[in-house]
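Colleague: So my numbering is basically just the index in the sequence shown, starting at one, shifted up by 711. For glycine and all other residues, C-beta sits at the position ideal for the given N, C-alpha and C. Nothing here was measured: the structure is a model prediction, and the numbers come from that model.
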Amino acid sequence: MQRRRRGFTFLEIMLVVLIIGILFSIVGPQLMHKSGKARIQATKAQMGNIETALSMYEMEVGNFPTTAEGLKALFERPSDVSEDLWDGPYLKRKAGLRDAWKREFVYECPGEHNKDSFDLYSIGKDNKPGTEHDITNWEEEEETF
Numbered sequence: 712m713q714r715r716r717r718g719f720t721f722l723e724i725m726l727v728v729l730i731i732g733i734l735f736s737i738v739g740p741q742l743m744h745k746s747g748k749a750r751i752q753a754t755k756a757q758m759g760n761i762e763t764a765l766s767m768y769e770m771e772v773g774n775f776p777t778t779a780e781g782l783k784a785l786f787e788r789p790s791d792v793s794e795d796l797w798d799g800p801y802l803k804r805k806a807g808l809r810d811a812w813k814r815e816f817v818y819e820c821p822g823e824h825n826k827d828s829f830d831l832y833s834i835g836k837d838n839k840p841g842t843e844h845d846i847t848n849w850e851e852e853e854e855t856f
């Protein structure tokens, strides 16, 4: 006597879908959280690379690029800088001037927070300046009451 297999029942399929949904609701947020942390770490690492390049520029030229010259000065010699002083490019790729969200870093010199050098920051995942999501090269001061 031969038995015929008819496939899965609707109830079995719904049970599998329910199990997959439960697993995703548990694992999904953890994966998204790890992805967010990885982007923050990548942005911080890229900021470190830019800071190193800016320090090299400053050692050779004698000052940091102005806000108007911007980070472009790491790739192209500013017109007011002598050819014998500028030994760039100081970064290998222009793509290195973007954060993990593919937005350009904000550079200000002299800085509002680092008055003797420069401010460098990313507006972070929320794409809004001045929020807790900003990634900066300065320490935020604690509010005291």
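Given a threshold of 16 other Cβ atoms within 10 Å of its Cβ, counted over all protein chains shown, does A779 qualify as buried or as exposed?
Modeller: Locating residue 779 in the sequence shown gives position 68, counting from the first residue. Per the 10 Å Cβ criterion, exposed.
Colleague: Around the Cβ of P840, are there at least 16 other Cβ atoms within 10 angstroms (buried) or fewer (exposed)?
Modeller: Against the sequence shown, residue 840 aligns to sequence position 129. Classification for P840: exposed.
Colleague: Taking all protein chains shown into account, do 16 or more other C-beta atoms lie within 10 angstroms of the C-beta of E854, making it buried, or fewer, making it exposed?
Modeller: By one-based count along the sequence shown, residue 854 stands at place 143. Any reading at E854 must be qualified, since the residue scores a pLDDT of 47, below 50, and its modelled position is unreliable; no value is offered.
Colleague: Do you know offhand how far T763's Cα is from L729's?
Modeller: Walking along the sequence shown from the start, residue 763 turns up at place 52. Walking along the sequence shown from the start, residue 729 turns up at place 18. Distance between the alpha carbons of T763 and L729 is about 51 Å.
Colleague: Tell me, which residues are paired with E815 by DSSP?
Modeller: Translated into positions along the sequence shown, residue 815 becomes position 104. R809, per the DSSP bridge assignment.
Colleague: Just to confirm before moving on: does the CB-CB distance between M767 and Y818 stay below 8 Å?
Modeller: The residue labelled residue 767 in the question sits at position 56 within the sequence shown. The residue labelled residue 818 in the question sits at position 107 within the sequence shown. Contact flag unset, no.
Colleague: Just tell me which of R750, I731, L722 has its CA closest to the CA of I834.
Modeller: What you label residue 834 is simply residue 123 of the sequence shown in a count that begins at 1. For I834, the nearest C-alpha among the options comes from R750.
Colleague: Helix or strand or just coil, what does DSSP make of Y832?
Modeller: Translated into positions along the sequence shown, residue 832 becomes position 121. Y832: strand per DSSP, three-state reduction.
Colleague: How many Å lie between R788 and I737 at the Cα?
Modeller: For the purposes of this step, residue 788 is identified with residue 77 of the sequence shown, where counting begins at 1. For the purposes of this step, residue 737 is identified with residue 26 of the sequence shown, where counting begins at 1. Each residue's Cα considered, the two are about 52 Å apart.
Colleague: Thinking N848 and D830 are a contact (beta carbons under 8 Å), I'd like their distance in whole angstroms, please.
Modeller: The count along the sequence shown starts at 1 and reaches residue 848 at position 137. The count along the sequence shown starts at 1 and reaches residue 830 at position 119. Between D830 and N848 the Cβ distance is about 7 Å, and since that is below 8 Å, they are a contact.
Colleague: I need the straight-line Cα distance from F856 to P776, nearest angstrom please.
Modeller: For this step, residue 856 is matched to residue 145 along the sequence shown. For this step, residue 776 is matched to residue 65 along the sequence shown. Bear in mind that a pLDDT of 45 at F856, under 50, signals an unreliable position, so the model cannot answer this.
Colleague: Would you check if the distance between the CB atom of E771 and the CB atom of L796 is smaller than 8 Å?
Modeller: For this step, residue 771 is matched to residue 60 along the sequence shown. For this step, residue 796 is matched to residue 85 along the sequence shown. Closer than 8 Å, so yes.
Colleague: What separation, rounded to the nearest whole angstrom, lies between the Cα atoms of K656 and G759?
Modeller: Absent from the structure is residue 656, since the part of the chain shown begins at 712 and ends at 856.
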